[in-house]
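First residue of the sequence shown: 36, per this note's numbering; consecutive thereafter. Built from N, CA and C at the ideal position, the CB exists for glycine as well.
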Amino acid sequence: MSEKFSKDDDDFVLTVQDFENLYNQGNALQQLAKPTEALRKYKKLCEAVEYQYNHGHMSKEDLHYVPIALSKMADIYHARPDLHKALLYMTTARQFIEFLHPEKKQEDSEEMDPNPPKDIPSLFKKMHSRFDSMDSLLLPDSNEIIRKFLDSKRIHDEEVAQGRIHEIENAVKRKYEYDQLTFSQRFELFYSNHPYFVLFGAIGVILFFTFFFIVMTVIRSLQVSVSKLSEQSKKVHHDLENNLDTYQSKEGYEEDEKQFREMLENYKLLPNGNTKELLEKLRKNVDHFKKKSDDQKSNKEL
Numbered sequence: 036m037s038e039k040f041s042k043d044d045d046d047f048v049l050t051v052q053d054f055e056n057l058y059n060q061g062n063a064l065q066q067l068a069k070p071t072e073a074l075r076k077y078k079k080l081c082e083a084v085e086y087q088y089n090h091g092h093m094s095k096e097d098l099h100y101v102p103i104a105l106s107k108m109a110d111i112y113h114a115r116p117d118l119h120k121a122l123l124y125m126t127t128a129r130q131f132i133e134f135l136h137p138e139k140k141q142e143d144s145e146e147m148d149p150n151p152p153k154d155i156p157s158l159f160k161k162m163h164s165r166f167d168s169m170d171s172l173l174l175p176d177s178n179e180i181i182r183k184f185l186d187s188k189r190i191h192d193e194e195v196a197q198g199r200i201h202e203i204e205n206a207v208k209r210k211y212e213y214d215q216l217t218f219s220q221r222f223e224l225f226y227s228n229h230p231y232f233v234l235f236g237a238i239g240v241i242l243f244f245t246f247f248f249i250v251m252t253v254i255r256s257l258q259v260s261v262s263k264l265s266e267q268s269k270k271v272h273h274d275l276e277n278n279l280d281t282y283q284s285k286e287g288y289e290e291d292e293k294q295f296r297e298m299l300e301n302y303k304l305l306p307n308g309n310t311k312e313l314l315e316k317l318r319k320n321v322d323h324f325k326k327k328s329d330d331q332k333s334n335k336e337l
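Structure, rendered in structure tokens:
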């Protein structure tokens with residue numbers, strides 16, 4: 036029982052739910068008649084609470100896990116029986132309760148320990164002294180030990196029961212108060228408890244819409260470009276058809292007509308607006324045929 040708690044241990048805990056789980060594990064081991072393992076779990080619970088409190092991760096009100104665990108350890112020593120250790124653990128548990136609730140201090144408290152701890156660090160120091168069996172009280176006889184132990188046990192059990200009832204009442208009250216809050220008030224409460232979550236969530240939403248806007252802009256630009264090329268290709272196709280109809284009856288243009296039809300067939304095999312080079316060639320040929328047509332008309336008029 037002399038090992039020290041470390042955050043690298045497997046039993047390192049961070050939340051109130053973890054404390055509850057560790058306590059339940061110790062209680063289960065105690066019910067399975069495995070006192071040594073149960074003592075180790077209760078000790079880990081006490082040291083975990085101390086660690087979290089010293090690092091500012093929990094409030095003074097959450098220290099009630101320590102006297103609960105110490106009283107369970109006292110029960111184990113009482114069953115062995117080791118009444119001396121049982122009384123020491125129960126006395127320390129009672130000192131924690133009386134420090135957390137001064138109005139519940141009993142008249143015989145000084146009789147149990149002439150030099151009770153005056154602050155939380157002193158309480159934790161006293162707790163470790165119990166773990167290491169470093170100090171002991173001069174006790175009269177076994178009957179006196181049993182009497183004091185039973186008195187302390189009764190008082191402690193009453194305090195634990197009242198504490199549990201108080202916790203349940205507070206939980207119900209908090210639930211009722213939360214249900215009465217408006218949406219904006221709930222959001223403010225959530226933001227005060229989880230500011231970084233809300234901040235990163237807002238940044239994520241901004242990044243998402245920025246990315247969405249960029250993608251839509253690029254897609255729109257591509258659609259406009261494709262639409263323009265498609266219109267140009269349709270115009271060239273129309274000019275080709277018209278000029279072919281004009282020149283297919285003219286003598287001396289059989290070779291030009293064949294060339295036009297080959298280019299037209301090649302064009303139809305390509306996607307709309309696939310290449311600007313082909314469109315440029317088609318325009319030049321259209322201009323060429325128009326020029327020939329104009330020359331033919333001029334010669335005919337002459």
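Span of the alpha helix (DSSP H) holding residue i?
i    : result
P102 : 100 to 114
Under a three-way DSSP split, which group does residue i fall into?
i    : result
K326 : helix
S260 : helix
H92  : coil
A68  : coil
P137 : helix
D154 : coil
L57  : helix
K42  : Residue confidence for K42 is low, a pLDDT of 47 falling below 50, so the modelled location carries little weight; the figure read from the coordinates is stated next. In this structure, K42 counts as coil in the three-state DSSP scheme.
L338 : For the chain, the structure presents residues 36 to 337; residue 338 sits outside this window and is missing.
D97  : helix
D117 : coil
T245 : helix
T50  : coil
Answer with buried or exposed for residue i, where buried requires no fewer than 16 other C-beta atoms within 10 angstroms of its C-beta.
i    : result
I249 : exposed
H136 : exposed
I241 : exposed
Q130 : buried
K165 : Reading off the sequence shown, one finds Arg at residue 165, where the question assumed Lys. So R165 counts as buried.
K326 : exposed
V84  : buried
D170 : In this prediction, D170 has a pLDDT of 42, which is less than 50 and means its spatial position is unreliable; what the coordinates show is noted afterwards. That one is exposed.
K153 : exposed
E82  : buried
L98  : buried
Q65  : buried
Q258 : exposed
K76  : buried
Q220 : exposed
T126 : buried
Between the options, which lies nearest to residue i when the distance is taken from Cα to Cα?
i    : options              : result
P102 : F218, T50, L234, L80 : L80
M162 : K78, L57, N89        : K78
I111 : T71, Y100, S94, D97  : T71
T50  : Y86, E133, L67, F244 : Y86
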